[in-house]
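First the structure, in the form of structure tokens, and then the observations on it.
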Amino acid sequence: MSTFSEDKLVELFSKVGFDDKRIKEILKNSKISQSLGEVVKLSGQAEEGSAKSLDKSTDSLLHNLATLMKGKHYENIKNLVDYIVEGKLKTNLQVSEGFKYVKGQQDKDFDLAQFEKASGAGVEISAQDVKKEISEYFKEHKAEVMEARYRAVPAIFAHVKAIDSLKWASPSLFKPTIDTFLLEYLGPKDERDVMKKQKKKKKQAGSDVRKTAHLKVDKPHNMFEEGFLGDLHKAGEEPQKWDDVMEGHQKFISGHVYTRFPPEPNGFLHIGHSKAIMVNFGFAKFHGGHCYLRFDDTNPEAEDQVYFDSIKRCVKWLGYEPWKVTYSSDYFDRLYELAEKLIETGYGYVDHSTPEQVKQQRGIKEDGTPGGKRVPSPWRNRPAEESLKEFRKMRDGLYQPEEATLRMKQDLDSPSPQMWDLVAYRVLNKPHFRTGDKWKIYPTYDFTHCLVDSFENITHSLCTTEFIMSRQSYEWLCDCLHVYRPPQREYGRLNITGTIMSKRKIAKLVSGHYVRSWDDPRLYTLESLRRRGVPPGAILTFINTLGVTTSTTNIQVARFESSVRDYLNYTTPRLMMIVEPIKVVLDNVEDDFEEVTEIPYKPGNDTFGVHKLSLTKEFYIDSSDYRDEKSKGYFRWCPEQPVGLMRIKHTISVKSVERDVNGTPVTIHAEYLNDSTKPKAYIQWIPISEKQKSPVKVSEVRIYNQLFKSENPASNPAGFLADINKDSEEVIKGALLEPAFEEVKERSPYNMPFSDPQFSIEEEKGPETVRFQAVRVGYFCLDKESTSEKLILNRVVTLKEDSAKD
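Printed below as a string of structure tokens:
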């Protein structure tokens with residue numbers, strides 16, 4: 001296939017009715033635009049004198065075919081194009097199956113009859129045919145449909161589409177036909193079809209399970225086998241320009257997946273990085289492969305040991321173990337050798353342009369946007385021998401920063417800025433923490449990244465979509481140097497709205513004392529989330545729920561916290577905690593009164609065990625559980641209304657109240673009622689007992705709310721600091737815990753399996769792993785500043801809002 005110039009493509013596309021906007025969009029992808037140019041030309045619709053606009057259906061199918069071709073030429077592809085233009089192939093599935101046949105016949109005789117059979121060419125499935133098959137399906141599965149009702153719709157669609165005789169039917173025929181039969185069998189939707197949140201039910205009896213087994217899918221959702229990650233190529237099928245580079249690569253990988261997580265060690269990882277960690281480590285693990293933790297340490301001016309240590313700690317905390325820990329600096333010698341090769345082969349030159357001049361050469365306007373005229377550097381065409389000599393002078397320290405750079409000689413006519421002669425090496429007079437003073441020059445990300453991927457035989461170079469334009473320069477450099485070219489594939493990044501991820505902005509928050517430190521629990525660095533008590537398994541579960549697509553995922557904090565709350569509900573014990581204590585004295589019992597009760601750490605789950613607690617003459621309750629006057633909808637304690645104590649047989653009633661000078665209750669005298677009247681509510685209590693070492697005193701309870709007031713702090717006209725929520729941290733002193741806290745602290749981390757075992761992480765002991773649900777208050781953990789004398793708790797997340805809390 002001959003390559004079409006951009007002008008030729010514009011001419012072809014214009015002739016078949018594409019408007020300027022669409023042509024511009026198509027040209028952004030060089031591979032698809034080349035393939036679309038070929039199929040348009042083969043279609044005959046752009047011939048001089050007979051050119052005509054493509055109808056909508058033909059246009060769509062030809063574009064789909066071009067997408068499948070991905071810039072490659074296939075013998076006999078004209079047969080497929082002709083069948084589309086003639087209307088013999090009418091659906092994307094027919095085009096896809098036809099393409100598979102053509103692709104598989106490259107070195108074989110083309111059998112038109114077999115092609116027609118494989119693609120369903122000319123097969124017509126009428127609406128009546130679809131109705132007949134779906135009618136038979138509903139008759140066969142009537143009982144299951146009647147039981148599952150409208151909840152069965154997704155499963156019905158899946159099974160109908162799998163019926164062989166409907167393979168070539170238009171997908172648009174399915175929904176109206178299925179809707180008609182659903183209405184016939186079930187009638188309109190009613191309250192039975194409203195999805196309600198319910199408590200987990202016991203499994204149905206075997207016979208009941210079998211009734212609806214056809215419509216159930218028990219396999220847990222797994223992001224590695226569907227969507228973006230599920231569609232990736234198999235290891236060993238990496239497309240190359242140079243076939244000879246594959247032999248060594250395939251021998252090394254032996255059919256295994258190799259990925260890498262390549263952070264720059266110039267800051268702390270944040271919540272967005274957790275997705276990158278999970279995608280790379282998790283994808284390799286799922287396929288039985290290997291993942292490197294590779295530090296991209298090519299900028300000694302910004303790197304610090306604290307970042308290296310933190311990154312290693314966070315990867316381990318999320319439950320992953322690198323196959324190898326490597327550094328880009330491990331390959332500095334090999335990279336330098338390839339830089340000289342780049343010059344020798346005419347693809348590199350030493351440039352003396354200033355940064356401002358480079359911008360002008362690239363057509364960057366004064367406002368920082370591209371679009372101006374691009375011009376080559378005056379040093380672009382200097383002899384290779386001269387550039388090589390200058391490059392060695394750079395290496396030997398004879399130039400200062402910005403006096404000379406090594407640039408790649410790419411394609412200034414390309415619409416992609418990534419092809420405008422990127423810098424490969426620059427001078428930095430800064431020692432490297434691993435290589436010391438050996439180097440005066442350092443490779444850039446654009447030069448290093450693809451080549452180190454190649455050195456490490458990465459089969460899937462997975463990165464976020466902000467690097468999608470870099471793919472062209474990534475592949476260009478590998479091909480120019482005749483090395484194995486790893487396939488770069490891009491997925492959408494994860495953003496949590498209402499937060500700040502920028503290292504520079506977080507530094508301002510820390511230096512300005514708006515937050516405690518880089519791991520302040522109000523931030524969304526991984527160190528912060530860990531300190532706040534968010535379990536690593538909760539983060540992985542959250543990301544798995546979102547899945548992986550090519551679109552950026554913007555999620556509200558509330559949704560993230562909801563996922564964390566669900567995880568904690570499964571995996572933490574419960575304790576009574578009193579935030580604002582009031583003392584209660586039972587006047588009608590002896591001083592040595594004790595009533596022992598057994599309390600489960602998690603009702604309904606015996607795995608957590610139980611503990612004993614004794615009610616004594618004196619104990620504490622929370623001030624929120626007492627009022628002087630009864631009001632409508634209030635069911636807890638007041639003089640007119642007795643109340644129950646959690647797990648205690650009888651109720652208590654108010655006799656008298658001692659108050660401070662402000663009239664605030666400080667001690668309530670009560671009577672323990674020996675009756676069987678069921679109270680309207682039960683409240684928390686913690687005994688005052690030296691024998692039980694109760695209560696456990698809490699020095700500080702730190703209640704964390706969102707750090708910023710808006711969803712987009714950066715959009716505040718006065719700057720993001722003006723958007724800070726002054727109530728983002730509340731410190732409460734004097735709270736109390738029941739003595740079972742000491743057992744919980746000793747047993748932590750519980751490492752309880754979550755409902756989805758693939759995200760149950762075995763954590764190492766640490767203060768943040770001492771997590772519990774404070775009944776009716778929220779989820780808490782120990783802060784790292786806690787000591788045996790000074791107990792500090794962080795609120796992880798709130799409980800679900802309960803309108804009937806009173």
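In terms of the numbering used here, the sequence shown opens at residue 1 and continues consecutively.
All C-beta atoms, glycine included, are put in the ideal place defined by N, C-alpha and C.
Remember, predicted model here, so these are calculated numbers, not experimental data.
(request) Can you grab the Cα-Cα spacing for the pair V153 / F138, in whole Å? (result) 12 Å
(request) For G282, count neighbouring Cβ atoms within 10 angstroms of its own Cβ and tell me buried if that reaches 16, exposed if not. (result) buried
(message) By the three-class DSSP mapping on this structure, what secondary structure does V81 have?
(response) helix
(message) Using only the alpha-carbon positions, how far apart do Y524 and S387 sit?
(response) The straight-line gap from Cα to Cα measures roughly 46 Å.
(request) Would you list, in sequence order, the uninterrupted alpha helix (DSSP H) runs of no fewer than 4 residues that lie entirely inside the segment 117 to 179? (result) 127 to 140, 142 to 148, 153 to 161
(request) Determine the closest residue to W637 out of Q684, K24, A113, with distance taken between C-alpha atoms. (result) Q684
(message) So, at 6 Å on beta carbons, what are the nonlocal neighbours of I821 in its own chain, with the 5 sequence-adjacent residues on each side left out?
(response) Any question about residue 821 goes unanswered here, given that the chain covers just 1 to 806.
(request) Specify the secondary structure class of D351 as computed by DSSP and reduced to three states. (result) strand
(request) Can you check the segment 475 to 545 for any beta strand (DSSP E) of at least 3 residues that lies completely inside it and give the ranges in chain order? (result) 488 to 491, 494 to 496
(request) Could you tell me if H63 is buried or exposed, where buried requires 16 or more neighbouring beta carbons within 10 angstroms of its beta carbon? (result) Its Cβ being crowded by 16 or more others within 10 Å, H63 is buried.
(message) Is it the case that the segment 59 to 76 contacts the segment 21 to 35, given that we only count it when at least three CB pairs across the two stretches are under 8 Å?
(response) yes
(message) Tell me the rounded alpha-carbon separation between D208 and M278.
(response) Legend: pLDDT at D208 = 43, less than 50; position of this residue unreliable, value from coordinates given subsequently. Their backbone Cα atoms lie some 38 Å apart in a straight line.
(request) Pull up the DSSP beta-bridge partners for N554, would you. (result) N495
(request) Flag this pair as touching only if the segment 396 to 409 and the segment 318 to 333 have three or more C-beta atom pairs under 8 Å; answer yes or no. (result) With contact defined as three or more Cβ pairs closer than 8 Å, the segment 396 to 409 and the segment 318 to 333 are not in contact.
(request) Would you verify that the beta carbon of T326 is, or is not, closer than 8 Å to some beta carbon of chain C? (result) The structure shown has no chain C; it contains just one protein chain.
(request) Could you tell me if L338 is buried or exposed, where buried requires 16 or more neighbouring beta carbons within 10 angstroms of its beta carbon? (result) buried
(request) In the DSSP assignment, find the unbroken alpha helix (DSSP H) run with G272 in it and report its ends. (result) 271 to 286 is the extent of the alpha helix (DSSP H) around G272.
(message) Quick check on the DSSP output: the beta strand (DSSP E) that includes A384 runs from which residue to which?
(response) No beta strand (DSSP E) holds A384; the alpha helix (DSSP H) holding it covers 384 to 395.
(message) If you follow the alpha helix (DSSP H) that V102 is in, where does it begin and where does it stop?
(response) V102 -> alpha helix (DSSP H) spans 92 to 104.
(message) So for T405, helix, strand or coil by DSSP?
(response) strand
(message) Please identify the residue among S254, A735, G120, M223 whose C-alpha is closest to the C-alpha of L93.
(response) Here the closest residue by C-alpha is G120.
(message) In chain order, what are the residue ranges of uninterrupted alpha helix (DSSP H) at least 4 long that sit wholly in the segment 404 to 474?
(response) 445 to 455
(message) Give me the DSSP bridge partner(s) of Y672.
(response) I652
(request) Note down the Cα distance separating K211 from F608, rounded to an integer number of angstroms. (result) In this prediction, K211 scores a pLDDT of 41, lower than 50, which makes its location untrustworthy; no coordinate-derived value is stated.
(request) Kindly indicate which three-state DSSP category F252 falls into: helix, strand or coil? (result) helix
(request) Could you tell me whether the Cβ atoms of P679 and Y626 are closer together than 8 Å? (result) no
(message) So the candidates are K275, F268, G255, R795; which of them puts its Cα closest to the Cα of G288?
(response) G255
(message) Just to confirm before moving on: does the CB-CB distance between P487 and S461 stay below 8 Å?
(response) Contact flag set, yes.
(message) So, for I539: in the same chain, excluding its five sequence neighbours on each side, which residues have a beta-carbon less than 6 Å away from its beta-carbon?
(response) Once the five neighbours on either side are set aside, the close Cβ partners of I539 are S274.
(message) My output table needs one value for F63: the three-state DSSP class, helix, strand or coil.
(response) A small correction: the amino acid at residue 63 is His; Phe does not occupy that position in the sequence shown. Looking at H63 - three-state DSSP - the assignment turns out to be helix.
(request) Compute the Euclidean distance between the alpha carbons of V12 and T58, then round it to the nearest angstrom. (result) Correcting the residue identity first, residue 12 is Leu in this sequence and not Val. Taking the Cα positions, L12 is about 15 Å away from T58.
(message) Quick check on the burial criterion: 16 or more other C-beta atoms within 10 angstroms. Buried or exposed for F4?
(response) buried
(request) Check whether the segment 447 to 459 touches the segment 472 to 488, counting contact only when three or more Cβ pairs, one atom from each stretch, lie closer than 8 Å. (result) yes
(request) Quick one: using the 10 Å Cβ neighbour count with 16 as the cut-off for buried, is Q361 buried or exposed? (result) buried
(message) Just to confirm my understanding: we take R659, look at its own chain, exclude 5 residues before and 5 after, and list those with CB closer than 7 Å. What are they?
(response) P665, V666
(message) Please state whether the Cβ-Cβ distance between V770 and L782 is less than 8 Å.
(response) yes
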